[in-house]
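Okay, structure first, notes after.
Number of protein chains: 4
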Amino acid sequence: MFIEINPHDETPIYTQLMYQIKKNIVLYGDSLEKDLPSVRSLASDLGINMHTVNKAYNRLVEEGVLSKSKRGYFIQEQSSLIQHENVKEAMLEKLTQIQIDADIYGVSEQTISEWLESIKIQMKEEVEK
Amino acid sequence: MFIEINPHDETPIYTQLMYQIKKNIVLYGDSLEKDLPSVRSLASDLGINMHTVNKAYNRLVEEGVLSKSKRGYFIQEQSSLIQHENVKEAMLEKLTQIQIDADIYGVSEQTISEWLESIKIQMKEEVEK
Amino acid sequence: MFIEINPHDETPIYTQLMYQIKKNIVLYGDSLEKDLPSVRSLASDLGINMHTVNKAYNRLVEEGVLSKSKRGYFIQEQSSLIQHENVKEAMLEKLTQIQIDADIYGVSEQTISEWLESIKIQMKEEVEK
Amino acid sequence: MFIEINPHDETPIYTQLMYQIKKNIVLYGDSLEKDLPSVRSLASDLGINMHTVNKAYNRLVEEGVLSKSKRGYFIQEQSSLIQHENVKEAMLEKLTQIQIDADIYGVSEQTISEWLESIKIQMKEEVEK
DNA sequence: GTGGTCTAGACCACT
DNA sequence: GTGGTCTAGACCACG
Chain A
473 MFIEINPHDE
483 TPIYTQLMYQ
493 IKKNIVLYGD
503 SLEKDLPSVR
513 SLASDLGINM
523 HTVNKAYNRL
533 VEEGVLSKSK
543 RGYFIQEQSS
553 LIQHENVKEA
563 MLEKLTQIQI
573 DADIYGVSEQ
583 TISEWLESIK
593 IQMKEEVEK
Chain B
473 MFIEINPHDE
483 TPIYTQLMYQ
493 IKKNIVLYGD
503 SLEKDLPSVR
513 SLASDLGINM
523 HTVNKAYNRL
533 VEEGVLSKSK
543 RGYFIQEQSS
553 LIQHENVKEA
563 MLEKLTQIQI
573 DADIYGVSEQ
583 TISEWLESIK
593 IQMKEEVEK
Chain C
473 MFIEINPHDE
483 TPIYTQLMYQ
493 IKKNIVLYGD
503 SLEKDLPSVR
513 SLASDLGINM
523 HTVNKAYNRL
533 VEEGVLSKSK
543 RGYFIQEQSS
553 LIQHENVKEA
563 MLEKLTQIQI
573 DADIYGVSEQ
583 TISEWLESIK
593 IQMKEEVEK
Chain D
473 MFIEINPHDE
483 TPIYTQLMYQ
493 IKKNIVLYGD
503 SLEKDLPSVR
513 SLASDLGINM
523 HTVNKAYNRL
533 VEEGVLSKSK
543 RGYFIQEQSS
553 LIQHENVKEA
563 MLEKLTQIQI
573 DADIYGVSEQ
583 TISEWLESIK
593 IQMKEEVEK
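Protein chains in written order, with this note's numbering: chain A, 473 to 601; chain B, 473 to 601; chain C, 473 to 601; chain D, 473 to 601.
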């Protein structure tokens, strides 16, 4: 797990954490340890509070990305992931906002495609590091 | 201006307002009145707080979508819109999150394209109403 | 809202709160105020911490019983309640445990029906108080 | 004894164990060996901690389902089972919660009866395996 | 005044 | 040593 938190970012730490964890799963997939670091150890590693990690973990359990037991948190098999309605709604809202902003700022569809491509490339490069 | 606010939504009202105004500009463009309703009247029309309208207007001024004068707020000429760095960053962040969620939930690029299409169609239909 | 918390009960306070709120909705339904007391005021009324109330409220939002906005928490229209899988699973697990315990302790089906009846009657009586 | 433990489940392992043992008694009754596997052997068979098995056994002794002697744990004669107050209270609490959830989610009494039926059928089918 | 987030620290249940 | 729960208190965003 390679996790980076930017404390000066305005997006909540727990949200950053959620996406960092998802990113790790997407990038490293099956080669990752199935059991996640304990809330407390990850918290101290990242220099943040235990409760913040806890919130991120539990949100991911709600989303179906993780599972929890009395022994800790685990990465769910990707195949068993069912797309939750809330997640879809959140994606649609973001897409709508992107569409409106693109229209008003004159950002072409092609530009957006290029941005997406560069995001993907950047993610792939992180794997190879 | 056709503006709909959902006070029971989790997204801040001022954000909703910003996108509703942008949407109107995108959809109706030049056929719109250039001067916006006064802060007070819009607030009372929508049944929301004056400060909230103020915040939305001022943010849009910062983004370059509106301009402010002694006599009120005006829609900027679209041609003069400069893409602000903040806006681009916000769009990139949303795109990154969408990309990660799409990967982890197995949403194909095609599905996302379809979603985008339906968003556009839905917006066009609103014009014809 | 008539809410009673038993601090000596082993079931978590936030769980007790969840069921107390649901009970109020079931019993008093439409005659209830749609907006709930603020997390902080309810917390101080009950002599418990704000975060505990918060947790109960948010869980109920997840279950679809409440909705939240920037202005506070609201009771959802009962008609719009969709039964979440998690809730059904929890109910099934409880039923299974009840069934096993009933079998092993020789509690007849009739006795269980009687218990259920008395629970219902007790709840109705609380309304009339 | 056919015992299945799901270590990734949220319900405590010792609780799972307790119900699995009770289930075996209900299903196979007198045809079961009266003496239970030793704490150590069951723990290693199931790949769980010794203390966990111990806790489950001791709780069942408290409930009157098992008895303990120098030589190990034994299944009590069912006829001698006295219904403990704690057990009844636990059952009543579960029933109350089920009742409230059923009311609020619009689950009819008939549906609950059907669920109970399918639970019973499922348990019977396990015997025949 | 509303909730959201984050921190700090304590005690408990489970393994 | 794992997470769960609860408390206390601070600061911030929103309205």
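Beta carbons are placed, not taken as given, at the ideal position from N, Cα and C, and that holds for glycine.
Fair warning: this is a prediction, and the values are worked out from it, not measured in the lab.
At a Cβ threshold of 9 Å, is Val-579/B touching chain A?
yes
Could you tell me whether the Cβ of Ser-585/A comes closer than 9 Å to any Cβ of chain D?
no
Contact between the segment 520-539 of chain C and the segment 484-495 of chain C: three or more CB pairs below 8 Å?
By the C-beta criterion, the segment 520-539 of chain C is judged to be in contact with the segment 484-495 of chain C, since at least 3 inter-stretch pairs fall below 8 Å.
For Gly-578/A, the three-state DSSP class (helix, strand or coil):
coil
Spell out a yes or no on whether the segment 568-579 of chain D and the segment 490-507 of chain C are touching, meaning 3 or more CB-CB pairs, one atom from each, closer than 8 Å.
yes
In this structure, what does DSSP give as the bridge partners for Ser-541/C?
Gly-544/C
Contacts that Arg-543/A makes with chain D (C-beta to C-beta distance below 7 Å)
Pro-479
Within 10 angstroms of the Cβ of Val-599/A, are there 16 or more other Cβ atoms? Answer buried if so, exposed if not.
exposed
Partner residues on chain B for Ile-576/A, Cβ-Cβ distance less than 8 Å:
Lys-494, Ile-497, Val-498, Val-537, Gln-550, Leu-553
Taking C-alpha atoms, which residue in Lys-540/C, Asp-502/C, Glu-535/C lies nearest to Val-511/C?
Per the Cα distances, Lys-540/C.
Neighbour list for Glu-482/D in chain A, Cβ cutoff strictly below 7 Å
Lys-540, Ser-541
With a cut-off of 9 Å, does the C-beta of Gln-582/C fall near any C-beta of chain D?
no
Do Gln-548/A and Val-559/A have their CB atoms nearer than 9 Å?
no
Checking 9 Å against the spacing of the C-beta atoms, do Tyr-529/B and Leu-504/B come in under that value?
no
Restricting to runs no shorter than 4 residues, where is the alpha helix (DSSP H) found entirely within the segment 495-526 of chain B?
511-518
So is Ile-485/D in contact with chain A if we call contact Cβ pairs under 9 Å?
yes
Could you check what DSSP says for Met-595/C in three-state terms: helix, strand or coil?
DSSP places Met-595/C in helix when its eight states are reduced to three.
Test: Asp-573/C CB closer than 9 Å to a CB of chain D:
At least one CB atom of chain D sits nearer than 9 Å to the CB of Asp-573/C.
Nearest to Glu-589/A by alpha carbon, out of Glu-589/B, Ile-593/B, Ile-591/B, Leu-564/B?
Glu-589/A has its Cα closest to that of Leu-564/B, out of Glu-589/B, Ile-593/B, Ile-591/B, Leu-564/B.
Contacting residues, own chain, Cβ-Cβ under 8 Å from Gly-544/B (five flanking each side not counted):
Cβ within range, chain order: Asp-507, Leu-508, Ser-510.
What's the call for Lys-542/B, buried or exposed, on a 16-neighbour Cβ count within 10 Å?
exposed
In whole angstroms, give me the CA-to-CA distance for Asp-573/D and Gly-501/C.
14 Å
Do Ile-475/B and Asn-496/B count as a contact pair if the criterion is CB distance below 9 Å?
yes
Helix, strand or coil, according to DSSP, for Gln-571/A in the structure here?
helix
Find the residues of chain D that neighbour Val-533/C, judging by a C-beta separation of less than 7 Å, and give them in chain order.
Within 7 Å Cβ-Cβ: nothing; Val-533/C doesn't reach chain D, min ~14 Å.
C-beta neighbour in chain D for Leu-564/C, strict 9 Å
yes
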